Every structure is written in structure tokens, then in C-alpha cells.
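Heads up: the sequence shown at position 491 corresponds to 491 in the numbering used here, and the numbers run straight through without jumps. C-beta atoms are modelled at their ideal positions from N, C-alpha and C, and glycine is treated no differently. Computed from a predicted model, the values in this text were never measured in an experiment. Report on the following structure.
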Amino acid sequence: MRTKFATLVLVFAVSVCFGRVYSPWVNSQLIPDWSGNWQSFLQYPSLQGKTGNDLAIGIFDILQSKTLGAYHVSGQIVPRASGTTDGGQIWAYYTIRDPVRIMNMCGWGYCGALSGYTSGTMQQCGVGNTRVLEISGGAIGAHSVAEAYYGGDWHYFDLDLRGYNRQNTDGIVASWQESDDNPSYWDSLFCSDLTGLRNAATANTLGNTAKVHRGWESGHTMDFVLRMGETFTRYWKADSTRYYNTIYYWTNFPHIGAAILSTSIGSVPKDYGMVHSGRPESWCNGHKYCQNGMGIYKYTPNLGSGYGDYQDGVYQDSNVVQDEDGIGPASGSGWMEFDFFSPYIIIGKNGIVLADLQNVRNQTEGATASITIQGTATLKASQNNGYQWTTLQNNVSSGTYASDFTTMVYGRHSYRLRIELQPGAKLTGFSNSTAVECGQVTLPLVNGTTQMSYRMADKLGYNTTPMFIDIDLGDPVTANLPATITNHQPTNITQRATQAVVPVKVPDGCAIRWLSVGGAFQRSAGTQIQISTTGPTSGFSTVWSSSAYASCDYADCHWRLQFDTTYVFASNPPNQCWVRYTNNVNMVRIYVHYEEPNRPIQNSQVRITHCTGTNTNTVEQVVSANANYNVNLTGENLWYKMEVESQLSSAIQEGIEKQAVESVEITPNPFNPAVTISVGVQNFEPLQILIYTISGRMITDLSKQMVNGKCVWNAGNMPSGLYILKVCSGNTAKYKTMTLLK
């Protein structure tokens, strides 16, 4: 019925509407804000008003907490080409050390990565400058700890072994040197692995300690865009073996894969999942997690011209027009592209065969797309922002075609899909699903009556779409393109790119508002990051520079300077710019945040659903602006979902929807035990009929029971009291109270 009516009015009134939501973020009062907004992070109750020693301890207490923090297990690394380890330097180029990125993805890592999270979090929160101490030799072998500088001295924190050492005189956390010089300090250890901490400090000489400055990254934020017709559901527990890892770990550490695939710990049954390697699960603040979380994006836009979904969601297109059935070429051939970006890393179902994990094969249900077409079309995918394309469906004829390209984008944050239509063809249906890895400790925890905060806009307050330029400089094939970077030597371990220029281009009509640019640099040579809006060879201005380090006291010094800086185009934001790395960059990362003037901001409603206990124990909240709201749920946290509904473009159709919703009647009211709900505009579909308690918990959905404009709710098993009827269609909703009197 809806389609017929929309077809009827198309010639009279159609106005394009946009409903995408920029950087929606929900946070619980029970957890710190890991969105990348550090001022918001510092509003966590245990951190408010603290500085110096108290702030450092407060941050460490969060990181070591078994409900809020990180834990010791294999680290996560970014994808690499051709299985190489760069002369043994896998840890150098690929281990993820951005605390925002890793805490939201999984929240685990070995000592070196954990020290990076600690130092990065403390420095960005204003504790002071930080460094990582890397120790070799001694009773526990190689080990890493973090140190923060405040109050005129260094103070060390060991997240891996869960400890720090207070000076006996004033309670100030000791430095690594002081702990080695003063054995009496070891009597005041925080709850941790006492033996391990003692061995780490007393059995290693300071002469074997490398001091790593800026061994952490800071460009990642949790910004993303939610489009009309899109849902994003995050789960506290992943299904099956949805964990991101790379060939390097599966092949070099087979016990990790075997542990994930095991179904018991000793004699205790468990689900498939990450098993802790022993430290610190037996200690007072340890972990016994066996599973990580996951998220699933589902995007199913309505392509008919009666809806605004296509204009709201398409990345770019050429020579296509829209009618009531879908999208087709205006004349000849045409194409359109849909992009995907998530701040979470893309995963898939890895299966339960260790050999499949070790070879990264047979991964499914991580990234899928389906097209329904009339005529002939081709579907392609790109993993590097459209510079290269892989054909998924080639010149297929009328029908529906599904593609699973999980392995292609596994371990990445973004991809692009391109649909090429031959003359006379039409795209009548499109759907896209993507699975990502989510760290449990950053999801908005609910426990009884809990205050939630909802906000939109990126960490700088702009409504931007993010794009990630993540170039693997060790890949001699797919990354070594003039279109992605110049002056690139992929086989050079220490000087992969010098005077390298990376072009940054966003869709026509869009403007780059700000960039986070960074990389891993050779310490022995001074370097700069420069930006130009003029062209690839001129007009460059320096946005960051580093002095040269005279010497390196360890073998892999060529990469141990990580740096990210933010550059804002406060006025006249460009459509394209160029980023130049002057000396010896070995890893490149650029986060682009661009505005879309051709899509006016309309603050669309986002429907948020929280679920605990069972899949029927839910609370729904609809928000359209920055606001706090309360959720009252108990039981195990299962999932929460964000969604933006499809929206109609037709003003006449919207009027009919409003009339249908406004005509709702309830008889009798009060009632016992049954009530009849009727709608004056009959046979109008789809219409949602939902019943809630006054606390916001949904009881039942009567939508499918509506016949000839009427449905009946029998509340015989419910207690007396007030109930809320919600009737909605499209963008229109109405709430009415009902009273059950027994």
C-alpha cells in the first residue's frame, strides 16, 4: 500500500531529506568515556579534580580494573602484506598502541603494548610526559613498564604485572631507578604479582633498559556516521570465534589459536573464545574473560524515490537517476558507490579449524553485500579508498546476488562498494552487513537504574564523516601507487619513505575540516609533517617537527618515534590537500574528518535499545540531540543497538502517515483485561504498535496483529497500573497512556 501511494504522489511533491547522524556516542555513568575525548574521560567520578600522583594512580586503577581495564594476552596488530615480519620487527611496525583504538577493540596486549596504553592515556590526560622502559635480561627476560613525569621526577607503573611501588616516606609512586635502589619500597606494593615485580626490577640492570619516548599513538577516535536505514548493534559476547588476529600470531603462537578453539579450561566447560594466558587471573584484580564483544552494522536503504535513504547514504555516483523502483542510468551506463567506515576493526567468523586461522582462510560473515538488479550490473569492492577495485560480481543479469568479501577487508576499518550499471539496468535493492570487534569494557554498562549520556558530533565538536588512510608501507604491490604515496621504498626497513607525499581527497562538494596525521619515524633523523592545499609539490606548511636523536641504544631505533598531530582548517576548508613526510617515515596513518555541505544537518532521531538478562528484557530510548537519559534494567548485559529509520521524501506521504498515527483510539480506557487499539486510516502499512511500562521497558509489539485497522491487547497476566501505547510510522510517533484496573 505504501509503495502504491508513494508512486501516486511522486509527480506532485518530492523534497530530499537527509537523516544521517554524525558521531553518535552513548556512555554509561558506570564506565569512563573511551571515545577519544579526554576531557570527557576525566569526568569519570574517580578522576574528577585529581592531578599529579593522585591522577596517575586513578588512571592506573582504571586500566588494571577487572571490569574497566586492559588485561594480559596476545597483542593486536594491524594487517600486513605477504606475511613478512620486516626483519623481525613485527612489533615495531604493526602492534597497535593507541589506547582509544585498542580499548574499544579488545582491551588486551602484552607488556610492551600495555605500557603504551598506560603512557598514552596518562600523557593525554595531562599527568605529564611519559615514556616506556624496555628491559632485557634478568629473571623474567624482556619486559616493559611505563613511567610518567610529574612533581619533578619519574614514576613507574607496570600494567602487565599489575603493580606500582610507593615511596615509604610520602606515598608517592616510585621511579624504576628508586625501586631498584631501595628494596624497602617493595613492602608497599599495590595488589599485584609481587614476585614478578621484584624480579623485573631487581634482576635487571638499568644498563639494559631502553627509554622509549612517544611509543604510543593518538590519532584514533570513535567517530562514525549512522545513515538512514542503518542499525549498529554491539554485543558483550561475540558469537563463535569472532576475534581479530593476524597470520603472525596464529602461526608463531599456535597455543593462542588452540586456546581460543578449546571448549574447556581444565575440566571447566567454556565457549569458544580468548583464554587468558595466566597473568593476572589469579590475583585480586585479575581477569578471567573468555570472550570478547562484537558489533554488527546492517545497512538496508530503501532505494525508491519516495524515500530519502539513497541521497542520504550514497558516497558518490555518476549519471544515475532515481524513480519509485530504484536507481538506474540516466542514459548509457552509470555507477554509484557506498562507503563503510567503523572505528572498530572488521572481523569475521574464523571457523573452528586451527589451520584456517593460521592461513586466514574460510572467514565468513564479516563483510557481505547483496544487490538486486534489473538488467546487467557489476559489483566491486575496494580496501584502499577506491584506488584499486576487486570484482565481486561480474556482469550479472537480473536477480539477487550476495557476496562475502570478509577475507579481503579483515583487520581493516573501512572499504568501499561500487555498483556499475549497464544501459537499461536498475538497482532495486541493496544491503550491506559488517561485523566488527568490540571491547567489552567500553560498552555502556547497565546495572539497575543507570544514567546514560548521548551526544553527537566528533571530538572537536564538528559534524564530520571520518575517512582512514592506512597505508602499509611494507607492501610492494597494493600500497606502492603514485595515487596513494610517492617516494616509497617498501623493502627498506629503516627509510621506507622520504619526502613522501600522500594525497587526501574527499568527495566533490565536501570539505576537509580537520586531520589527524601521524606515523612512525626514524629517531636518528629530524623530521617534519607538512600540509599543502596548493598541490603535491608546493605550498607546504610545517605542522609538526622533531629534533634528531644523536644515537639509539637499541637495535630497532628506526621506528621508535610515534607521533600524531591534529590540524584544523578553521576557515576555507579544502576539498583536497597533500600531506608530506620529510624524512624517513616507516608507517603512515591519516584520519580525515570532512564536512558535507550538500547534506544539511537535520538532527535525526536515533532509536537506542538496551538489552539485559534475556532478549525480551529491553528498554528503548529515542533521542535527537545531546542529552542524558536513565535506563532501569538488571541482569547480564547482552547488547545495545542504535538505528536510524528510513525516511520519506514525499510531503503528501508524510501527511498521510501523520493522519494515521493521530487517529489512534483506545477503548475502553481504563480496561480490564483487554483493550482495543484502532487506527482511523485503515490498511496503512507499515504501522508500529508498541506497549511499554512507564519505566520504558517494551512489553509487546502488536504491529503484526493489526487487521482492518484494529488490534487487541490482552493484559490478563500484567499487574494493574499505567502503560504506554506508542504508535509510529515513518518519522511520526504518538504516545498515549492506558490504565489497567483489576
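Between which two residues does the alpha helix (DSSP H) harbouring residue i extend?
i, result
"Asp54", "52–64"
"Tyr243", "It is not in any alpha helix (DSSP H) - Tyr243 carries neither H nor E in the DSSP assignment."
"Gln123", "111–124"
"Gln311", "309–313"
"Val409", "406–409"
"Ala355", "354–358"
"Trp38", "38–41"
For residue i, collect the residues of the same chain with a Cβ closer than 8 Å to its Cβ; drop the 5 residues on either side in sequence, then sort them by chain order.
i, result
"Gln576", "Pro503, Val504, Lys505, Val506, Ile512, Thr533"
"Trp335", "Asp317, Ser318, Asn319, Val320, Arg418, Ile419, Glu420, Leu421"
"Phe671", "Ala715, Met738, Thr739, Leu740, Leu741"
"Leu68", "Ile31, Pro32, Ile62, Val441"
"Asn628", "Gln451, Met452, Ser453, Tyr454"
"Ala555", "Model confidence at Ala555 stands at a pLDDT of 42, short of 50, so the residue's coordinates are unreliable; what they give is reported in the following sentence. Answer for Ala555: no residue qualifies."
For the putative contact between residue i and residue j, defined by C-beta atoms under 8 Å, what is the C-beta separation to the nearest angstrom?
i, j, result
"Gly219", "Ser516", "4 Å"
"Pro490", "Pro476", "4 Å"
"Gln562", "Arg97", "7 Å"
"Trp514", "Thr566", "6 Å"
"Ile296", "Ala435", "5 Å"
"Tyr387", "Leu473", "That pair is no contact at about 15 Å."
"Glu437", "Tyr156", "So it is not a contact: roughly 31 Å between Cβ atoms."
"Arg131", "Val212", "6 Å"
"Arg607", "Glu643", "5 Å"
"Gly348", "Arg242", "7 Å"
"Tyr415", "Ala483", "Between Ala483 and Tyr415 the Cβ distance is about 17 Å, and since that is not below 8 Å, they are no contact."
Going along the chain, which residues of its own chain have a beta-carbon closer than 6 Å to the beta-carbon of residue i, five neighbours each way excluded?
i, result
"Asn37", "Lys459"
"Ile694", "Leu722"
"Val661", "Val727, Ser729, Thr732, Lys734"
"Thr609", "Thr618, Glu620, Lys641"
"Trp154", "Glu147, Ser175"
"Ser646", "Met228, Gly229, Asn302, Tyr307, Asp309"
"Arg361", "none"
"Asp356", "Asn362"
Relative to the alpha-carbon of residue i, which residue among the options has its alpha-carbon at the smallest distance?
i, options, result
"Phe338", "Ile352, Tyr307, Ser370, Gly69", "Ser370"
"Gly304", "Gln311, Ile296, Asp323, Gln29", "Asp323"
"Asn236", "Pro444, Asn359, Asn463", "Going by the sequence as given, residue 236 is Trp instead of Asn. When only C-alpha atoms are compared, the closest one is Pro444."
"Leu744", "Val644, Gly613, Ser624", "Past the boundaries of the shown model lies residue 744; the chain is included only from 1 to 742, so the question cannot be answered."
"Trp176", "Val664, Glu147, Asn359, Tyr415", "Glu147"
"Thr616", "Ile601, Ser624, Glu636", "Glu636"
"Arg496", "Asp508, Ala520, Cys510", "Ala520"
"Cys111", "Phe569, Val100, Ala70", "Ala70"
"Pro536", "Asn487, Asn394, Thr221", "Asn487"
"Asn53", "Phe569, Ile172, Ala113", "Ile172"
"Ile699", "Leu687, Leu725, Val579, Gly709", "Leu725"
"Gly120", "Gly539, Ala56, Ile352", "Ala56"
"Glu719", "Lys710, Pro597, Pro673", "The question names Glu, but residue 719 is Pro in the sequence shown. Of the listed residues, the one whose Cα sits closest to Pro719 is Pro673."
"Val145", "Met105, Phe60, Met222", "Phe60"
"Thr209", "Leu133, Ser262, Asp404, Gly109", "Leu133"
"Arg20", "Ile666, Thr378, Gln602", "Gln602"
"Thr542", "Glu665, Thr582, Lys50, Val631", "Thr582"
"Asn823", "Ser331, Cys611, Asn584", "With the chain represented from 1 up to 742, any question about residue 823 goes unanswered, as that position is not in the structure."
Cutting at 7 Å between CB atoms, please list the residues of its own chain near residue i, excluding the five before and the five after it.
i, result
"Asn285", "Low per-residue confidence applies at Asn285: pLDDT is 40, beneath 50, and the placement is therefore not dependable, though the value from the model is reported in the following sentence. Answer for Asn285: Gln64, Ser65, Lys66, Arg162, Cys191, listed in chain order."
"Asn626", "Tyr454, Arg455, Met456"
"Gly424", "Gly375"
"Lys743", "Given that the chain is displayed from residue 1 to residue 742, the structure contains no residue 743 and the question cannot be resolved."
"Asn669", "Val675, Met738, Thr739"
Could you tell me the boundaries of the beta strand (DSSP E) in which residue i lies?
i, result
"Asn104", "Run containing Asn104: none in the beta strand (DSSP E); it sits in the alpha helix (DSSP H), 99–105."
"Val153", "Checking the sequence shown, residue 153 turns out to be Asp, not Val. It spans 153–158 - the beta strand (DSSP E) in which Asp153 sits, taken as one unbroken run."
"Val588", "585–595"
"Glu365", "Run containing Glu365: none; DSSP gives neither H nor E here."
"Ser695", "It is not in any beta strand (DSSP E) - Ser695 carries neither H nor E in the DSSP assignment."
"Gln576", "576–581"
"Ser179", "Looking at the DSSP string, Ser179 is not in any beta strand (DSSP E); the run it does join, the alpha helix (DSSP H), is 176–181."
"Gln528", "527–532"
"Glu230", "230–235"
"Glu134", "130–135"
"Phe521", "511–521"
"Ser431", "426–438"
Give the DSSP bridge partners of residue i, in chain order.
i, result
"Ala258", "Looking at the DSSP assignment, Ala258 forms no beta bridge with any residue, so it has no partner."
"Val396", "Ala377"
"Asp323", "Gly326"
"Arg607", "Val622, Glu643"
"Ala142", "According to DSSP, which records beta bridges pairwise, Ala142 is partnered with nothing at all."
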